[in-house]
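Here's the structure, in structure tokens; my notes come after.
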Amino acid sequence: MTASLLRPGRLLLGFFALLSCLCTQQPSASAQALTVHDLAQRVDRHYNQLHSLKAGFSENYEGLGMKRAESGTLLLLKPGRMKWVYSAPAGKLFLLDGKFAWFYTRGDAQVQRIPAKQLDDLRSPLRFLLGHTELEKELGNLKMSSAPNGRFTLAGQPKGQEKRISRLALTVTADGMITAIEMEEADGAITRFTFSGEEPNTAVPADTFHFTPPPGVPVVDALPPV
10 MTASLLRPGR LLLGFFALLS CLCTQQPSAS AQALTVHDLA QRVDRHYNQL HSLKAGFSEN
70 YEGLGMKRAE SGTLLLLKPG RMKWVYSAPA GKLFLLDGKF AWFYTRGDAQ VQRIPAKQLD
130 DLRSPLRFLL GHTELEKELG NLKMSSAPNG RFTLAGQPKG QEKRISRLAL TVTADGMITA
190 IEMEEADGAI TRFTFSGEEP NTAVPADTFH FTPPPGVPVV DALPPV
């Protein structure tokens with residue numbers, strides 16, 4: 010699988026566009042009272058107690074001379090299952106069933122499949138939201154700054170992805186809920202997801218994460234970039 014395939018919006022898939030000034034703003038009084046460690050632990054606690062999650066999302070991508078805006082619904086279920094159902098464009102789907110990641114858009118000539126352990130998609134960092142989250146171990150050089158509407162930005166370098174991702178920034182509330190994620194790739198491309206209407210521990214049937222390819226559409230086992 011090529012790197013472009015695994016970057017949403019570049020090819021089949023179609024990841025966070027927050028202005029860089031958010032990480033250079035002077036901390037407010039409330040930010041000064043709250044440390045990076047405190048806020049990271051609040052995020053950890055908020056998501057480690059979840060069994061499932063449903064939320065609306067909007068996705069904005071800018072890079073390689075392109076801009077794209079998409080939206081839909083995100084479903085997460087422990088352990089390791091994730092489903093992005095797009096309403097715009099309708100018929101686009103990314104699904105992680107715990108074993109494989111599936112990529113398909115209505116009308117495509119084939120379904121892309123890759124083992125979950127080899128997944129190098131920009132969405133994969135979101136899997137920690139339903140795992141045993143430890144932000145301070147996930148992100149190196151973690152820093153905090155104030156953001157609009159009484160929120161905060163936690164930004165750092167995803168460990169193990171230094172060649173691919175130069176910066177990952179989470180916009181979070183004071184109680185640790187993530188409302189946006191921005192990712193800047195090494196080539197300068199920026200993708201931002203904004204989340205709304207979070208429904209923690211909502212009932213999500215396990216078979217929601219089962220994908221059956223459309224009749225007559227072949228499944229291609231893609232390879233990760235080397």
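In terms of the numbering used here, the sequence shown opens at residue 10 and continues consecutively. Don't be surprised by glycine CBs; every beta carbon is placed ideally from N, CA and C. In this text the structure is predicted, and so the values were computed from the model without any measurement.
> Glu194: which of Ser205, Thr188, Gln166 sits nearest, CA to CA?
Replying inline: Within the sequence shown, residue 194 is the residue found at index 185, counting from 1. Comparing Cα-Cα distances from Glu194 to each of Ser205, Thr188, Gln166, the minimum goes to Gln166.
> Among residues of its own chain, excluding the 5 on either side of Arg122, which ones have a beta-carbon nearer than 6 Å to its beta-carbon?
Replying inline: Mapped onto the sequence shown, residue 122 falls at position 113. Excluding sequence neighbours, Arg122 sits near Phe109, Trp111, Val228, Asp230.
> When DSSP labels each residue in this structure, what does Ala110 get in the three-state scheme?
Replying inline: Numbered from its first residue, the sequence shown carries residue 110 at position 101. Three-state result, Ala110: strand.
>> Going by DSSP in three states, Asp230 sits in which element: helix, strand or coil?
In response: For this step, residue 230 is matched to residue 221 along the sequence shown. The answer is strand: DSSP assigns Asp230 an E or B state.
> So what's Pro2 in DSSP terms, helix, strand or just coil?
Replying inline: Outside the displayed range of the chain (10 to 235) lies residue 2, so it cannot be described from this structure.
>> Using a Cβ-Cβ cutoff of less than 8 Å, which residues in the same chain neighbour Ser80 once the five nearest sequence positions on both sides are dropped?
In response: The residue given as residue 80 occupies position 71 in the sequence shown. Same-chain partners within the cutoff: Gly65, Phe66, Ser67, Glu68, Tyr95, Ser96, Ala97.
> Would you say Gly100 and Arg77 are within 8 Å of each other, going by their C-beta atoms?
Replying inline: Against the sequence shown, residue 100 aligns to sequence position 91. Against the sequence shown, residue 77 aligns to sequence position 68. Not closer than 8 Å, so no.
> Any idea what DSSP makes of Glu318, helix, strand or coil?
Replying inline: The structure shown does not extend to residue 318, since the chain is modelled only from 10 through 235, so no value can be given for it.
>> Whole angstroms are fine: how far does the CA of Thr200 sit from the CA of Arg173?
In response: Position 164 of the sequence shown holds residue 173. Position 191 of the sequence shown holds residue 200. Distance between the alpha carbons of Arg173 and Thr200 is about 13 Å.
> So what's Leu144 in DSSP terms, helix, strand or just coil?
Replying inline: Within the sequence shown, residue 144 is the residue found at index 135, counting from 1. Helix, per DSSP.
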